[in-house]
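J.: Okay, here's the structure, questions in a sec.
2 protein chains.
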Amino acid sequence: MNRDKAQVRQVLDAVKAAGRASLTAPEGERVCNAYGIAVPQEGVAASAAEAHQLAAAIGFPVVMKIVSPDILHKTEAGGVLVGVKNADDAAKGFDTIVANAKKHKADAQILGVQVQQMLRGGQEVIVGAVTDDSFGKLVAFGLGGVLVEVLKDITFRLAPATTEDALSMLDGIQAAEMLKGVRGSEPVDREALAKLIVGVSELVSDFPEIAEMDLNPVFASKDGAIAADVRIVVDFAARKPRYRPAEADVLSAMKRIMQPKAVAVIGASAEDGKIGNSVMKNLINGGYKGNIYPIHPKAGEILGYKAFKSVKDVPGEIDTAVFAIPGEFVAGALAECGEKKVAGAVLIPSGFAEVGQHAMQEEIVAVGRKYNVRLMGPNIYGFYYTPANLCATFCTAYDVKGSVALSSQSGGIGMAIIGYSRSAKMGVSAIVGLGNKSDIDEDDLLIFFEQDPNTKVIAQHCEDLKDGRAFAEVARRVSKKKPVIVLKAGRTPAGAKAARSHTGALAGNDKIYEDVFKQVGVIRARSLRDLLDFARAVPMLPTPKGENVVIITGAGGSGVLLADACVDNKLSLMPMPDDLDKAFRKFIPPFGAAGNPVDITGGQPPQTYKNAVLLGLQDERIHALILGYWHTIITPPMTFARIIVEAHDEMRAKGIEKPMVASLAGDVEVEEAAQYLYEHGIPAYAYSTEIPVAVLGAKYQWARGAGLL
Amino acid sequence: MNRDKAQVRQVLDAVKAAGRASLTAPEGERVCNAYGIAVPQEGVAASAAEAHQLAAAIGFPVVMKIVSPDILHKTEAGGVLVGVKNADDAAKGFDTIVANAKKHKADAQILGVQVQQMLRGGQEVIVGAVTDDSFGKLVAFGLGGVLVEVLKDITFRLAPATTEDALSMLDGIQAAEMLKGVRGSEPVDREALAKLIVGVSELVSDFPEIAEMDLNPVFASKDGAIAADVRIVVDFAARKPRYRPAEADVLSAMKRIMQPKAVAVIGASAEDGKIGNSVMKNLINGGYKGNIYPIHPKAGEILGYKAFKSVKDVPGEIDTAVFAIPGEFVAGALAECGEKKVAGAVLIPSGFAEVGQHAMQEEIVAVGRKYNVRLMGPNIYGFYYTPANLCATFCTAYDVKGSVALSSQSGGIGMAIIGYSRSAKMGVSAIVGLGNKSDIDEDDLLIFFEQDPNTKVIAQHCEDLKDGRAFAEVARRVSKKKPVIVLKAGRTPAGAKAARSHTGALAGNDKIYEDVFKQVGVIRARSLRDLLDFARAVPMLPTPKGENVVIITGAGGSGVLLADACVDNKLSLMPMPDDLDKAFRKFIPPFGAAGNPVDITGGQPPQTYKNAVLLGLQDERIHALILGYWHTIITPPMTFARIIVEAHDEMRAKGIEKPMVASLAGDVEVEEAAQYLYEHGIPAYAYSTEIPVAVLGAKYQWARGAGLL
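Protein chains in written order, with the numbering used here: chain W, 1030 to 1738; chain A, 1030 to 1738.
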């Protein structure tokens, strides 16, 4: 699209030169015109006579508004007249508006009165833009009007937004139906509205000094989308660009850190109970095969390993240095690591920004930058990378290998991850503590795990994203290949910042995370258990080939709850075709319900479950199965589990793989059966109808976001 | 309030006599006037001259509308003129409307043209009423306009509604802020609006033949609430009243059934694997102390108990008869039970309505009614009542005694309840299967458990309520004394019935359950796990004395997630008073955060946790505590658990009891610690920050509903 950047630059330069923080309406319209954002016909009258002439040329009715850099809220100043019906009224209106404005603010500089084509009909919407500390420029869309403000029904996307992003915004508000034409009104021109949104998003991206922007209202109708009022707030103060190494450098450093050939333990100790002792033991007992170099000022050897006074004394290369020394000594030891060209420092020590010692943290960050040593932490438990049998942490060793890479910002949540993983026998590739995130953060991990063949799913807990923009850009790419699941804590609204636009006032921090995650294909976990359940089950499920989900249940009651959960998790229950209905009915009693859920009824032998599941796996119209088991004497839990695994394996041998999850209702033996199913590739849950469906829903959400469905 | 019932009766009689299914506008207004529902000044003109005169008397502008029993949708027929500005236009308008109406429907009976005061300004709202199959008359409230229809932002209450109910409706819509005055508009007259809602709710309750009603729009402003348009749909077909025994009879029968002195097992068997054998064994091995009478056509004794051919042959009284015979023999045996004056039949057999055998079910219902034998089921697993060591079921015995009474409509869900209860060591007073609910249903159970001293909390799973009105009436009373938790399955929208009003079209079945549960103080569980978690924890928590919740956490990360969960569960984090802040700071490191959450930081010894918890329990401004534990070497999980129990017990000895829940983040040992805490009265959860807060939230929701807060 043609963008007249010079035009915008000229306007902004003039605003800057005048020391103003916002644009006048005519300036705003010039800027809009330059980016193909439709605005009404209009002009500025310097006198009543000019208003008369201008209004007659535009046609009636017109709207008249004061033009003054000193009056931001025009209506309150009596500076707006709507529905002016003829040229004489326009002339009189000019005088009224100017008089009101002077009364409102005697010294206001009055540049004239804007006379504008009055727009009516269609749907009033708001399009805007804000600048977020973490995500940078965002474009916003919502319906206009007071009610929508009350409901906060507004949606955000990273700017610049694609046409596809913009169209998704139209469907991304609660009141989306309004745009499709209700009660006989005609649907709006979606393409025109999307074009306008894209224009705004490109404008604010091209000109970072545009801090906030409101097009409010935009009249959207079947004939197009025209912005009736433009408000642009600027901020010419230069923003410090974030430090961000090139991706190739990130990757090569992260590979050395996560898969080191040699690890130094700074502050290694032979004394039980010391952190430096626990780290040594975990490295050794964890089975790490690389070199281990304990660093200690005096010791000759620690736990059988030759010790060194400094990393600089170590003969070979060191990739990763795990720090187990008090915080005040970190900077010095880090500089030595820098001289030794260590790739990364795992900073277990605390006592930095988390306790208000910001200067101390800035110091180590500066040392790291100077020597190009990447920092993990400080204030962390360390990390595990199971493919290398690497437990670079003072917590207990962890050895259930698998394909999930987890990380946490908080140590407590990290411990919960470790405990749950062990308890639920969840195989992990890595568990990483990020702590204060002075340097390495979520996007660095994404870059490493993206290419790590041992990792199939990435699950992260975070309280904030230091650089949401960087995260989003990497996550958008990575999530196309591997599911990225994030538990974003801290949803309680923080003190809202003073905003100078409606869009700004409506921009809740959490809503932005919500929308950006969706935009870049990140699955948002709603709770810690969800994060853990999704991490455990999602990598195990094959990718579905379509949206048709079928429930096969022995318990009618479970079927109803499973169907509810499908609605909650945006899964589509396939309407059962007649021939398939008949085929299912062959296996089930006459009073069983085929349809969907397929209710095979409770008193059935194992073979009924198996036949129904085999049919479900074989029929190509069905893309995923949800099983509901009911504990009976005829089909005890382990019998059910074994026969389902048989069916699953038989089909897999024939090349048929579909996601399948199970809900088990019964006495305590169902726990063992659930574990058996899980160990054989079928996520299964005792006493829950909602978790199995939620994990399937997460897999679907990922597959849709990655464009695989 | 004065209600002119005679006036309404007269109107309805006329409508019935005319064979009409809806009221004309003037009829609707007469009905409204009779119930104090404000409507605009108006009159009906029979000629253009009358319209001229009437309009002049009312004042301008006026609205004019066709009056015809044959035209329901007046706007579509060209039968409405708004904003008529003077008397001449009113005269012309009369002719236009009549001409349009005749064009629309040549044979329409035209009664005249209504001339009405035109209302403007304020907030347009809709007030209506519907008749629900299960709940009967419901009154509805929402904002007017298309957007609200799209968002389905409407709320329901059982009619008649109290003024308090009506006021809660104004706060019960998403867009509630709109009524409080936004962007400088004035708040509406809440009392006037509530009065109008109450009027509608009483009208439809007093006159059941009013099937649906719409006041749309109602203009609500600071000056009052006036219904601008009235639509009333009537249905004179008599509704069959539901069978409902007197409450005293329900209670005396339920007491005999649940706490029987003697139980007969019809179809008792000595043969392993038979249902009649399992029931006998469960009764005997469960430790039931009353008389057990096996009924069998031939056997002399079964499992050491003298057998009888029929219940009629048993010498003493029988309270409860458990049926373990094929469905087709139930009716006959039931009649014998009737003659024997058995209080209740526990109908395990299936093969009734659930497989389409409705006649068979109707037959047993008729027999039960005839002899006054209450029926549990058919198609159930039976029931447990642990205070009497009674396992009247073919499932495995259950013996963990406690204070939760659970029930399920579905057998599968019942098995999940048993399994979870056993696994989580949840103490229960009863588990009851309701199955087809041919007779005994949720409200019968409520009536029994209300007075049962062994039951503190009632948790029920249901797919429907056969008589929602009866349930609601009982639940409203019982929930004031004991928490009632319900998992209502089947939220997927069923085929919407054809509705003749806006209110009807907006009345989603699930929304009605949601609102009525709230109205009568029932806690709605959102999932099976929620039902089970709430049932397990809520009875253990003392009732809070106020809304001030404080989080005390060793893990900052857990604190953030716990605070999020407080927002989700509508709990109020107390703003920390300065003196209390200082008091907490005495126990925690200088960099720890007092405030709320109180972050004692991770590396603290057990005494720090204990001191903080003691302070939290002792200070009267704090009403509930949420603990976040972080597994460290200094304070291992069981050490934490023991010290918290100590603090809890010390305070209880001093008469201080506050609800306290815990979230445990750590390695697998936290599971044992969580169980220990639970067993000592503190609901605690490993690897979850959301479940502890959700159960506390459920307790608060109950306490608020019961008027205890």
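All C-beta atoms in this analysis are idealised placements derived from N, C-alpha and C, irrespective of residue type, glycine included.
Between W:ASP1696 and A:LEU1232, what straight-line distance do the alpha-carbon atoms span, to the nearest angstrom?
T.: Counting from 1 along the first sequence, the entry for residue 1696 of chain W is found at position 667. Counting from 1 along the second sequence, the entry for residue 1232 of chain A is found at position 203. Each residue's Cα considered, the two are about 51 Å apart.
J.: Which term fits A:GLU1241, buried or exposed, when burial requires 16 or more other beta carbons within 10 angstroms of its beta carbon?
T.: Here residue 1241 of chain A is taken as the residue at index 212 of the second sequence, counted from 1. Answer is buried; the Cβ neighbour count reaches 16.
J.: So is A:ILE1447 in contact with chain W if we call contact Cβ pairs under 9 Å?
T.: Along the second sequence, read from residue 1 onward, the residue named residue 1447 of chain A stands at position 418. For A:ILE1447, the answer is yes, since a Cβ of chain W falls inside 9 Å of its Cβ.
J.: So is W:HIS1081 buried or exposed if we call it buried at 16+ other beta carbons inside 10 Å?
T.: Numbered from its first residue, the first sequence carries residue 1081 of chain W at position 52. Classification for W:HIS1081: buried.
J.: Compile a chain-ordered list of the residues in the segment 1170–1185 of chain A whose CB is closer than 9 Å to at least one CB of chain W.
T.: Of all residues in the segment 1170–1185 of chain A, LEU1172, GLY1174, VAL1175, LEU1176, VAL1177, GLU1178, VAL1179, LEU1180, ASP1182 have a Cβ within less than 9 Å of some Cβ in chain W.
J.: I'd like to know whether the C-beta of W:VAL1699 is nearer than 9 Å to at least one C-beta of chain A.
T.: As a working note, residue 1699 of chain W is residue 670 in the first sequence. Yes, contact with chain A.
J.: Return the bridge partner residues of A:TRP1659 from the DSSP annotation.
T.: The count along the second sequence starts at 1 and reaches residue 1659 of chain A at position 630. A:TRP1659 pairs with A:ALA1694.
J.: Against chain W, with Cβ distances strictly below 9 Å, would A:ILE1662 count as a contact?
T.: Counting from 1 along the second sequence, the entry for residue 1662 of chain A is found at position 633. Yes - at least one Cβ of chain W is within 9 Å of the one on A:ILE1662.
J.: Given this structure, state the Cα-to-Cα distance separating W:ALA1523 from A:ALA1282, to the nearest angstrom.
T.: Taking the first residue of the first sequence as position 1, residue 1523 of chain W is located at position 494. Taking the first residue of the second sequence as position 1, residue 1282 of chain A is located at position 253. Note that W:ALA1523 has pLDDT 41, beneath the 50 cutoff, so the model's placement of it is unreliable and the number below is only indicative. Cα-Cα distance, rounded: 57 Å.
J.: When you compare only the Cα positions, how much space is there between W:GLU1392 and W:ALA1360?
T.: Looking up residue 1392 of chain W in the first sequence gives position 363. Looking up residue 1360 of chain W in the first sequence gives position 331. Using only the alpha carbons, I get a separation of about 7 Å.
J.: Are the CB atoms of W:ALA1372 and W:ALA1293 nearer to each other than 9 Å?
T.: For the purposes of this step, residue 1372 of chain W is taken as the residue at position 343 of the first sequence. For the purposes of this step, residue 1293 of chain W is taken as the residue at position 264 of the first sequence. No. Outside cutoff.
J.: May I ask you to list the residues that DSSP assigns as paired with A:GLY1112?
T.: Indexing the second sequence from 1 puts residue 1112 of chain A at position 83. None, per the DSSP bridge assignment.
J.: What separation, rounded to the nearest whole angstrom, lies between the Cα atoms of A:GLN1143 and A:GLU1058?
T.: By one-based count along the second sequence, residue 1143 of chain A stands at place 114. By one-based count along the second sequence, residue 1058 of chain A stands at place 29. Those two C-alpha atoms are separated by around 11 Å.
J.: Starting from W:GLN1143, trace the beta strand (DSSP E) in both directions and tell me its first and last residue.
T.: Stepping through the first sequence from its first residue, residue 1143 of chain W is reached at position 114. Segment 1141–1146, the beta strand (DSSP E) holding W:GLN1143.
J.: Under a CB-based cut-off of 9 Å, is W:SER1250 close to chain A?
T.: For this step, residue 1250 of chain W is matched to residue 221 along the first sequence. No, its Cβ sits nowhere closer than 9 Å to a Cβ of chain A.
J.: Return the first residue and the last residue of the alpha helix (DSSP H) that W:TYR1542 is part of.
T.: Against the first sequence, residue 1542 of chain W aligns to sequence position 513. That run of the alpha helix (DSSP H) goes 1538–1548.
J.: Give the single residue among A:ARG1271, A:LYS1327, A:ARG1273 whose Cα lies nearest to the Cα of A:ILE1295.
T.: For the purposes of this step, residue 1295 of chain A is taken as residue 266 along the second sequence, with counting starting at 1. Of the listed residues, the one whose Cα sits closest to A:ILE1295 is A:LYS1327.
J.: Distance check for A:ALA1275 and A:VAL1589, CA to CA, integer angstroms please.
T.: Residue numbering aside, residue 1589 of chain A sits at position 560 when the second sequence is read from its first letter. Residue numbering aside, residue 1275 of chain A sits at position 246 when the second sequence is read from its first letter. Going by the C-alpha atoms only, they are around 52 Å apart.
J.: Between which two residues does the alpha helix (DSSP H) carrying A:ASN1314 extend?
T.: In the second sequence, the residue the question calls residue 1314 of chain A occupies position 285. Note, A:ASN1314: alpha helix (DSSP H), 1304–1315.
J.: Which residues of chain W have a Cβ atom closer than 8 Å to the Cβ of A:ASP1593, listed in chain order?
T.: What you label residue 1593 of chain A is simply residue 564 of the second sequence in a count that begins at 1. Near A:ASP1593 (Cβ distances below 8 Å), the residues of chain W are ALA1518, GLY1519, ARG1520, THR1521.
J.: Do we get a CB-CB distance below 9 Å when we pair W:ARG1149 with the residues of chain A?
T.: Mapped onto the first sequence, residue 1149 of chain W falls at position 120. Not closer than 9 Å to any Cβ of chain A, the Cβ of W:ARG1149 fails to qualify, so no.
J.: Could you pull the start and end residues of the alpha helix (DSSP H) that A:LYS1430 belongs to?
T.: In the second sequence, counting from the first residue as 1, residue 1430 of chain A sits at position 401. Premise fails: A:LYS1430 lies in the beta strand (DSSP E), 1430–1437, not in any alpha helix (DSSP H).
J.: I want to see whether chain A comes within less than 9 Å of W:SER1458, judged by CB atoms only; does it?
T.: One-based indexing of the first sequence puts residue 1458 of chain W at position 429. No - not a single Cβ of chain A is within 9 Å of the one on W:SER1458.
J.: In the DSSP output, which residue or residues are listed as bridge partners for A:LEU1167?
T.: If you number the second sequence from 1, residue 1167 of chain A lands on position 138. Its beta-bridge partners are A:VAL1159, A:LEU1187.
J.: Looking at C-alpha atoms only, which residue of A:VAL1175, A:LYS1166, A:GLY1736 is the closest neighbour of A:GLU1153?
T.: Along the second sequence, one-based indexing puts residue 1153 of chain A at 124. Cα-wise, what sits closest to A:GLU1153 is A:VAL1175.
J.: Nearest CA to the CA of W:LEU1244: which residue from W:GLU1238, W:LYS1251, W:LEU1222, W:SER1234?
T.: Counted from its first residue, the first sequence places residue 1244 of chain W at position 215. The option with the nearest alpha carbon to W:LEU1244 is W:LEU1222.
J.: Quick check: is the beta carbon of W:CYS1424 nearer than 9 Å to any beta carbon in chain A?
T.: If you number the first sequence from 1, residue 1424 of chain W lands on position 395. Closer than 9 Å to some Cβ of chain A, the Cβ of W:CYS1424 qualifies, so yes.
J.: Would you say W:ARG1451 lies against chain A (beta-carbon separation less than 9 Å)?
T.: As a first step, residue 1451 of chain W must be located in the first sequence, where it is residue number 422. Cβ-Cβ to chain A under 9 Å: yes for W:ARG1451.
J.: Kindly list the residues whose CB is nearer than 7 Å to the CB of A:SER1339, restricted to its own chain and excluding five residues on each side of it in sequence; keep chain order.
T.: Translated into the one-based positions of the second sequence, residue 1339 of chain A becomes position 310. ILE1324, GLU1365.
J.: So, W:ILE1673 versus W:TYR1638, is the Cβ gap smaller than 9 Å?
T.: Here residue 1673 of chain W refers to the residue found at position 644 of the first sequence. Here residue 1638 of chain W refers to the residue found at position 609 of the first sequence. Yes. Within cutoff.
J.: With 9 Å as the threshold, decide whether the Cβ of A:HIS1696 is near any Cβ in chain W.
T.: In the second sequence, the residue the question calls residue 1696 of chain A occupies position 667. According to the sequence provided, residue 1696 of chain A is Asp. The question's His does not apply to it. Yes - at least one Cβ of chain W is within 9 Å of the one on A:ASP1696.
J.: How about W:VAL1551 and W:VAL1513: are their beta carbons less than 9 Å apart?
T.: Here residue 1551 of chain W refers to the residue found at position 522 of the first sequence. Here residue 1513 of chain W refers to the residue found at position 484 of the first sequence. Yes, the Cβ-Cβ distance between W:VAL1551 and W:VAL1513 is below 9 Å.
J.: Rounded to whole angstroms, what's the CA-CA distance from A:GLY1726 to W:GLY1710? Just pull it up for me.
T.: Walking along the second sequence from the start, residue 1726 of chain A turns up at place 697. Walking along the first sequence from the start, residue 1710 of chain W turns up at place 681. Whole-angstrom Cα-Cα distance: 36 Å.
J.: What residues in its chain sit with their C-beta under 8 Å from that of W:GLN1489, if we drop five residues either side in the sequence?
T.: Working through the first sequence from its first residue, we reach residue 1489 of chain W at position 460. Taken in chain order, the residues that qualify are LEU1435, SER1436, SER1437, GLU1471, LEU1474, VAL1513, ILE1514, VAL1515, LEU1516.
J.: Along the chain, where does the beta strand (DSSP E) containing W:GLY1411 start, and where does it finish?
T.: As a first step, residue 1411 of chain W must be located in the first sequence, where it is residue number 382. Per DSSP, W:GLY1411 belongs to the beta strand (DSSP E) from 1411–1414.
J.: Where does A:VAL1060 fall in DSSP's three states?
T.: Within the second sequence, residue 1060 of chain A is the residue found at index 31, counting from 1. Note: A:VAL1060 maps to helix in three-state DSSP.
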